[in-house]
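Asker:
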Amino acid sequence: MKKLKSLVASSALLVSTISSMNANDIDTAFNITGASNYLVRGITQTNDKAALFLEGTLLYNGFFTGAWTSNIEFEGLDGNREIDLYAGYSKEIFGFETTLTYTKFLYPDSKDIANLDETEIKVVYPIDKFSLGGKYIFGVYVENDGEKLDYYEGFASYDFDILKLNGSAGSFEDIGDNFEISVSKVFDLQKGSLKLELLYNEFYSDNSSSEDQDNLYAKITYSF
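Residue numbers (mature numbering (1 follows the signal peptide of the UniProt record, and there is no 0)): -23 to -1, 1 to 201.
1) When burial is assigned at 16 or more other CB atoms within 10 Å of the CB, is K68 buried or exposed?
2) Do G153 and Y194 have their C-beta atoms closer together than 7 Å?
3) May I have the straight-line CA-CA distance separating D2 from L36, to the nearest angstrom?
4) Helix, strand or coil: which one does DSSP assign to I90?
5) Got a sec? Which residues, its chain only, sit under 7 Å from N121 by beta carbon, not counting five neighbours each side?
6) Can the beta-carbon of G65 be found less than 7 Å from the beta-carbon of F30?
7) Can you tell me whether Y113 is buried or exposed, with buried defined as 16 or more other CB within 10 angstroms of its CB?
8) Might you give, ordered along the chain, the residues of its own chain that have their beta carbon closer than 8 Å to the beta carbon of L139, omitting 5 neighbours on each side?
9) How about S145 and E130: do their beta carbons lie closer than 7 Å?
10) Following the continuous beta strand (DSSP E) through A134, name the residue where it begins and the one where it ends.
11) Leaving aside the five residues before and after K81 along the sequence, list all residues of the same chain whose C-beta is less than 6 Å from its C-beta, in chain order.
12) Using three-state DSSP, classify E120 as helix, strand or coil.
13) Which residues in the same chain have their Cβ closer than 6 Å to the Cβ of A12, if we skip the five residues on either side of it in sequence?
14) Under a three-way DSSP split, which group does D2 fall into?
15) Using DSSP bridges, identify the partner residues of Q190.
16) Going straight from the alpha carbon of D105 to that of N143, what length do you get?
17) Could you check which residue in I60, I98, D55, L83 has the C-alpha nearest to that of T76?
18) Hey, how far is the Cα of residue 203 from the Cα of T198?
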């Protein structure tokens, strides 16, 4: 009986919380991206082949949650799909745009690729058309007691109006370092926007399990 009362009370509290949410404060965002390559921290996830990204996000007063997916291909490994589930909170603190995100990386059709969880802290400081920032990602969980690795990156961008210039440098623990430069342009549409990107990335391996890479690739993203 006590458990039933507790369940009823919890349900009533949940309904009350949902009811108190202002529907006008709830927003959604969807992205469809076509890319000539899919890179993570400088390493191709599609064996240098094209990829299609799909993403949907629900936002409420700084909180957000969503899902992202892409095709993948690794030489010698099974699996052809990655699904990322994420949730987090974003807030401006003393002029710094600060975001905390928890992400689960899932490979549902693979026995070779381990599922894993990561937490990311990202800080961006905008100064007119210039922005400077950094992020630190630390491994929280890796399936089958795999090694949890950290990653940190610094980045900057400047908007020239005609196009935006972006640059970044990151280090993946025990794996390698990568450097990237890109140009991008956003076009506002009647419904949503279209973003074009041209990117060049170099990856320098720290071990024999991965090779140095350099990639010139492109992305086109429709957001609505």
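Note that beta-carbon positions come from the ideal geometry of N, C-alpha and C, so glycine has one too.
Answerer: In brief:
1) Indexing the sequence shown from 1 puts residue 68 at position 91. Under a 10 Å Cβ-count criterion, K68 is classified as exposed, with fewer than 16 other Cβ atoms of the shown protein chains found around its own Cβ.
2) Start at 1 with the first residue of the sequence shown, and residue 153 comes out as number 176. Start at 1 with the first residue of the sequence shown, and residue 194 comes out as number 217. No Cβ-Cβ contact shorter than 7 Å links G153 with Y194.
3) Your numbering for residue 2 matches position 25 in the sequence shown. Your numbering for residue 36 matches position 59 in the sequence shown. D2 and L36 have their C-alpha atoms spaced approximately 8 Å apart.
4) By 1-based counting over the sequence shown, the position of residue 90 is 113. Correct three-state label for I90: coil.
5) In the sequence shown, residue 121 corresponds to position 144, counting from 1. Once the five neighbours on either side are set aside, the close Cβ partners of N121 are A91.
6) The sequence position of residue 65 within the sequence shown is 88, counting from 1. The sequence position of residue 30 within the sequence shown is 53, counting from 1. A distance of 7 Å or more separates the beta carbons of G65 and F30.
7) Reading the sequence shown from its first residue, position 136 is the one you call residue 113. With fewer than 16 other Cβ atoms within 10 Å, it is exposed.
8) Locating residue 139 in the sequence shown gives position 162, counting from the first residue. Note on identity: in this sequence residue 139 is Ile, with Leu being the wrong assignment. Only K162 meet the Cβ criterion.
9) Locating residue 145 in the sequence shown gives position 168, where the first residue counts as 1. Locating residue 130 in the sequence shown gives position 153, where the first residue counts as 1. Taking C-beta atoms as the reference points, S145 and E130 count as a pair closer than 7 Å.
10) Taking the sequence shown and counting its residues from 1, the one referred to as residue 134 is at position 157. Checking the sequence, you will find Ser at residue 134 rather than Ala. S134 -> beta strand (DSSP E) spans 128 to 136.
11) Looking up residue 81 in the sequence shown gives position 104. L62, D94, listed in sequence order.
12) On the sequence shown, position 143 is the one that residue 120 refers to. Reduced to three states, the DSSP call for E120 is helix.
13) Position 35 of the sequence shown, counted from the first residue, corresponds to residue 12. Same-chain partners within the cutoff: A28, K196.
14) Here residue 2 refers to the residue found at position 25 when the sequence shown is read from its first residue. Helix, per DSSP.
15) Working through the sequence shown from its first residue, we reach residue 190 at position 213. In the DSSP output, where bridge partners are listed per residue, Q190 has F180.
16) Taking the first residue of the sequence shown as position 1, residue 105 is located at position 128. Taking the first residue of the sequence shown as position 1, residue 143 is located at position 166. Looking at the two C-alpha atoms, the distance is approximately 15 Å.
17) For this step, residue 76 is matched to residue 99 along the sequence shown. The residue with the shortest Cα to Cα distance from T76 is I98.
18) Outside the modelled stretch of the chain, which goes from -23 to 201, sits residue 203, for which no answer is possible.
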